[in-house]
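Counting in the UniProt record's numbering, the sequence shown runs without a single skipped number right up to 329 at its last residue.
Each remark here refers to the structure printed beneath this line.
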Amino acid sequence: ALVSMRELLDHAAEHGYGIPAFNVNNLEQVQAVMSAADEVGAPVILQASAGARKYAGESFIRHLIQGAVEAWPHIPVAMHQDHGQSPAVCESAIRLGFTSVMMDGSLKEDGKTPAPYDYNVDVTRRVVEMAHRLGVTVEGELGCLGSLETGRAGEEDGIGAEGVLDHSALLTDPEEAAEFVKATQLDALAIAIGTSHGAYKFTRKPTGDILAIGRVKEIHARIPNTHLVMHGSSSVPQELLEQIRQYGGAMKETYGVPVEEIQEAIKHGVRKINIDTDIRLAMTAAVRRFLHENPDKFDAREWLKPAREAAKQICRQRYLQFGCEGMG
Ligand code: G3H
Ligand code: 13P
Ligand code: NA
Ligand code: ZN
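In structure tokens, the structure reads:
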């Protein structure tokens, strides 16, 4: 059944686990997430970015998720708008039937320029007022996602701040977080701790100076009753990079967020973990391999099947690693 995201996050907090929120754009990704959740008994957060709504089209995004709810009626599903760039985007998502929205006021409406604190408070509070009247959950963000190595946001996806940011913009301040939560009354807070979107997060396996899990603890200690959200949390498995290279792809050396670090963060209030890139890598690796090994095949179902299966395996792993088994 379709439920609010707040309900899922409250349960996760009560039982000390985290829920991976997977980005979906098409049929096969929705099926992968749902069938993995079904196998392990996990709750589901399906999230669609503005890009996903544009790619699939408004009615398809909506009916893909409705289809998932119909096909797996026993699984609780939250339908979440990822990175809403304005109150208008959040409002249109709510009209489409989303049960949760992210108002990302850490950036201006262009989705690139870091926004002033007061702007962030204003737009987030407005969305909370509108959403809460309808039982819809609100996620906000304080601090800009980006690399502590370079001061740059993940560039590949075109989401994130432009230019070079200093450390203070790239790490959420616990005191400011407390103020922000009080002023906006949001349900979940996305924090900046050195992660960025896309495949190229870190040039080496991250240590505490470039992935600030310590900051999660400080923020959680200050606002223990607010659900924390980690964006840019794909782990970028080395085996998938290898497989993509082996079958003709070109991927540079890169590192993601280690699962152990996410598990540590889950002990300190992180309840929603956003994952898109790992599914992209898994599907691409599977399709490259399949087409390389089967040069005579041309039925799209034949190469989409291993892609869907590879995405499912990633989802299944993350559900188990984050403690979701039997929680759905
Ligand atoms: O937040 C970034 C997600 O990976 C969504 O990416 O805007 O390309 O759909 P997208
Ligand atoms: P990744 O690019 O690490 O998968 O992050 C996705 C994300 O944060 C979507 O909002
Ligand atoms: Na989000
Ligand atoms: Zn994100």
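We put the CB at the ideal spot given by N, CA and C, even for glycine.
- Residues of the same chain with a CB within less than 6 Å of the CB of Q48, apart from the 5 flanking positions on each side, are A22, N24, H81 and D83 in chain order.
- Sixteen is the threshold: since fewer than 16 other Cβ atoms of the shown chains lie within 10 Å of the Cβ of K55, the residue is exposed.
- Spatial neighbours of C325 in its own chain (CB-CB distance under 7 Å, excluding positions within 5 residues in sequence) are listed in chain order as Y18, I20, V41, A43 and P44.
- Under the three-state reduction of DSSP output, L9 falls in the helix class.
- Annotated as proximal: I192 and I220, with beta-carbon spacing under 8 Å.
- Burial check for K202: the Cβ neighbour count within 10 Å reaches 16 or more, so the residue is buried.
- Taking 7 Å as the cut-off, one finds no heavy atom of the ligand 13P near enough to the beta carbon of I20.
- Here the alpha carbons of L143 and K273 stand approximately 15 Å from one another.
- Taking non-hydrogen atoms of the ligand NA into account, the C-beta of H81 is found less than 7 Å away from one of them.
- Under the three-state reduction of DSSP output, L292 falls in the helix class.
- With a cut-off of 7 Å, the C-beta of N26 is classified as distant from the ligand 13P, since no heavy atom of the ligand falls inside that distance.
- A straight line joining the alpha-carbon of G112 with that of V129 spans about 20 Å.
- Taken from the Cβ of G52, at least one heavy atom of the ligand G3H lies inside 7 Å.
- With a threshold of 7 Å, the Cβ atom of H198 does not count as near the ligand NA, since no heavy atom of the ligand is closer than that.
- The Cβ neighbour count for K206, taken over all protein chains shown within 10 Å, is under 16; the residue is labelled exposed.
- In the DSSP annotation of this structure, N26 is not part of any alpha helix (DSSP H), being labelled neither H nor E.
- Following the DSSP letters along the chain, one finds T185 inside the alpha helix (DSSP H) bounded by residues P175 to T185.
- Judged by their CB atoms, E71 and T114 are not nearer to each other than the 8 Å cut-off.
- At a Cβ-Cβ threshold of 8 Å, A184 and V122 count as neighbours.
- With a cutoff of 8 Å on beta-carbon distance, P117 and M104 are scored as not near each other.
- DSSP, reduced to helix, strand and coil, places R246 within a helical segment of the structure shown.
- The region 219-237 makes no contact with the region 298-310: fewer than 3 CB pairs, one atom from each, lie closer than 8 Å.
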